[in-house]
Structures are given as structure tokens and as C-alpha cells.
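Down below is the structure, laid out as C-alpha cells.
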Amino acid sequence: MKRAVAACLTLLTLAAIHSFAAGPAAQDKAVPKEEPSAKPAADAPQPVIPERKLTFDVSEEEEPVPFGTADPELLEQRYVATFSLVGTMRLASFGSMPEAYRAAVARYRFLLLGAPFRAPTQAEFKQAAREMPLGRLPSEEVMSLLTKLVRKGTPFFLRSVGPADQDTRSDLAVFHLRILAATPEQAKELVQGLLAFYDYGVFYPLQKEALTAKQGYEQRLAQDRADLDTARDEAPLLLKELDGLKEYKDITKEALVEFTTQLRLIGVDLVGIQARIDACNRILADRKSLSPSRIDQVETVKVTAEIELVGLAARKAAIEEIVKKGGRREELLRKYDRASSRVRTLESEISRIQEEIASCENALKKCMPYPVKDGKIVIRRIKWVSPGGRGSGPPSGPESPRDP
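Using our numbering, the first residue of the sequence shown is number 86, and each one after it goes up by one.
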């Protein structure tokens, strides 16, 4: 049952992408034009899609292929191409990766792996066609052939999945594919067309998303490293200035509050003393009306006030110096604490971003095109047999074909 589901989904894939490869006019009609996206930097890394080196082994040896009904179009297919792709059953989709990448994985894995619960949507097909670079979409002729073959259903294209090895912890699987063709040349073109769609319609856009995510993390890493250098350079300067204020280390926050209160009281006293001196000056302005004893008395009060004023001004200046230097030391301590905290935060953030970059690199490895096992495609002549291989010729009644 699982094989049949996977085969049907692959058929839907091949049938749908034909509408995007029937020439420029048809493609413009099927795929609405979108606003151009921002161009990446000239030195930005690009997806890596290695050229496939394939060996086609064409043999006249017959391979039994079961059929359900004597369909003339089905029986026109004289050759069957079989090959296997080796790859992970799960495309890398990390929870910490950006949403755009995880959405791309969810979208494209249906095109590659199939899905047990739903078939790919037309929007997913269109997105895959848009992502394919110019010149990489299979030719109109090849797409027409693929469409013609898959239109009749599963007998023309089958796929099954099996484990790559005996290790149950391994995520690798072998995707066995079989496609029918009228001639060996057609078989080669169909295989190459299908692989081109996988390479540039699935793996290429997935790599683009992973590279975009990696580039974003690398930019943040560079900025955080620059900020870390700044924070680390700031700390020694703060410590040096703090060392020059070590004599004020006993000035606590509470002491600063008390000294500030004293400054306010001294300010009030200074105003009162100055008022006393001004009053004495007004009295002494009319000396003729004052007796000598009265003049001496007023001048004594004035001198005493002036002396007191000088003392309070000196005290005020001393307390202001303490408040200024003590306040500066408290400010430097706060800055040093913030700088130290900033260093720790940036170091933690840099470590996290480095892990994200490693996740992107792991994703890129998972998004490399699945290689053809042994690089070999075998093309054999078809020997049509009834389901189960019991003899040849049309069966007596309709039956569902099986995956050989």
C-alpha cells in the first residue's frame, strides 16, 4: 500500500510539472510573475549541484514487468529503466532554523519523498518550477514524454523505498525507481529529465534557503564579535579610571546621600550668612548717624559672618569634591558591571550562533542531491507478464500492477 501511495504521488509530480515546461508562453501563463527578489551579494555562496556522471547499461536481456490490462499505450513501451537514489528519509528541518527554511523543507519534501497523508499542491509545484534556474528545466520534448507515460497511471512509473543498510539507527534509504519508455534513447532522456527536476526543482531551492540562513547568522556573528571586542576593550579603561579613585572606595551610596543632604543644608546656611552681611553693609552705609560703639558692633558682626561664610564655602567645596568623585566611582562601577555582563551575553550569543551555523552546514549536507546508486541506470527490454509473473500475455481480468 505504501509503495502504491508513493508511486501515485510521484506520478502527480511528473504530470504537474509538464505545465511549466511547455514553452515560454505557457510558462508565463501558468506561473504568475512576481516582484524580483533582492539580488544576493556577488561573493555570496551559491547552491552546489554536481553534474551527475551516469552510466547507462543498455541490455537486450528481458525484465518481467506485470500489467493489469492489455492497454495499447502501455504495451507500446518496450524498455524499462531502473535505478536507485540513496539519501536520507528526513530532510533536515531543525526547530531553531528560520521559518523560511523549515517551510521550504515542508514544501519540497513532498515532491521528493512523497507523503502518506496528502499529495503535493499546485502551489508547491509552481514554487518548484519557479526555483529552477533558467536552462535547467527539462526540455519540452522530454516533459511531453514524461507526461504521456505517467498519464496512464502507475504501470509507467513506479517507486519504492527500502533501508540502505541493516543499521536501524541509519536515516539513509534507497529509493528504487522504474520508468518505462519506447526506446533506450527515450529511457535515457526520461531518467535525465526526472533527475534534473529533483536536482534543480528540489535540492537547489532547499540549498538556497539554507545558505540564506547561514549567511544571516554569519553576518550576526561578525557584528557580535565586533561588539564583543568593543566591550572587552572598555573594561580595562574603566578599571584604570577606577584605580585613580580608590581613595573613595569607602564612599558608599548611603554616604553619598548623606553628603548631598549636607550640601543642601550648607546652601541654606550660606544664604542666611550672606543676608546677615548684606544687612551689616546697609547699616554701615550711614556711618554719620551711628555712634562709634555702634559701628564697632556692626563691623564685628560683619567680620564674624564673613569668616563663617568662607568656612562654609570651603566645607561646601570639599563635600562637592567627595560627592563628585564618589558619584563618578559609582558610575564607573555600574559601567564596568554592564560591560562585564555584555561580554558574557555576547560570548553566549556567539556560541549559540556558531551552533546555528553548524545546523545550517548540516542542513546543506542533507540538501545535496541524492546520488544514483553506483551511478548506474540499467535499461532492459520488457517482457510483459500477468501480475505475479504467471505467464505472459493479457490477463483474463483487470488487476492492479505490482512493483517488480
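C-beta: ideal position from N, C-alpha, C; glycine also.
- Message: Can you check which of these residues, 431, 469, 262 and 266, is closest to residue 314 by C-alpha distance?
- Response: 431
Coarse secondary structure for residue 472, derived from DSSP in three states: helix
| message | Taking the beta carbon of residue 470 as the centre, do at least 16 other beta carbons fall within 10 Å, making it buried, or is it exposed? | response | buried
- Task: Let me know the secondary structure DSSP gives residue 395 once reduced to three states.
- Result: helix
Tell me the residue span of the beta strand (DSSP E) that contains residue 173. 164-173
Point to revise | DSSP state of residue 111 mapped onto helix, strand, coil | key: At residue 111 the pLDDT is 35, less than 50, meaning the model places this residue with poor confidence; the figure from the coordinates comes in the next sentence. Of the three classes helix, strand and coil, the one that applies to residue 111 here is helix, per DSSP.
Q.
Please give me, in chain order, every unbroken run of the beta strand (DSSP E) with length at least 3 that falls completely inside the segment 264-312.
A. none
Q: Using 10 angstroms around the beta-carbon of residue 202, count the other beta-carbons present and answer buried if the total reaches 16, otherwise exposed.
A: Note on residue 202: pLDDT 44, under 50, position unreliable in the model; the coordinate value appears next. By the neighbour-count rule (16 or more Cβ atoms within 10 Å), residue 202 is not buried but exposed.
Notebook entry, point to check: How many angstroms separate the CA atom of residue 465 from the CA atom of residue 273?
Noted result: 12 Å
Exercise. Is residue 424 close to chain C, meaning its C-beta is less than 8 Å from at least one C-beta of that chain?
Worked result: No chain C appears in the structure shown, which is made up of a single protein chain.
**Message:** Which residue marks the beginning of the alpha helix (DSSP H) containing residue 354, and which one marks its end?
**Reply:** 338-369
**Message:** Give me the residue from 421, 187 and 151 with the minimum Cα distance to residue 325.
**Reply:** 421
Self-check item: Classification of residue 472 by the beta-carbon crowding that lies within 10 angstroms, buried from 16 upward
Solution: exposed
Per DSSP, what are the beta-bridge partners of residue 140 in this structure?
461
Could you check which residue in 266, 290, 141 and 377 has the C-alpha nearest to that of residue 217? 290
For this session: Would you identify the three-state DSSP class for residue 324, choosing helix, strand or coil?
Result: helix
- DSSP on residue 181, reduced to helix/strand/coil? coil
Counted within 10 angstroms of its Cβ, other Cβ atoms place residue 454 as buried (16 or more) or exposed: buried
Practice task
Measuring alpha carbon to alpha carbon, tell me which of 280, 434, 316 and 437 ends up nearest residue 169.
Solution key: 280
Between residue 299 and residue 332, what straight-line distance do the alpha-carbon atoms span, to the nearest angstrom?
51 Å
Worksheet entry | Distance between residue 186 and residue 423 (C-alpha atoms, nearest Å) | 36 Å
Given residue 284 as reference, the closest of 142, 310 and 456 once Cα atoms are compared: 456
Item to check | Length of the line joining the Cα atoms of residue 191 and residue 312 | outcome: 36 Å
Legend entry - Cβ neighbours of residue 174 in the same chain (closer than 8 Å, five flanking residues each side left out): 198, 246, 256, 257 and 258
With distances taken from CA atoms, which of 260, 310, 226 and 261 is nearest residue 270?
226
message = Can you tell me whether residue 221 is helix, strand or coil according to DSSP?
response = coil
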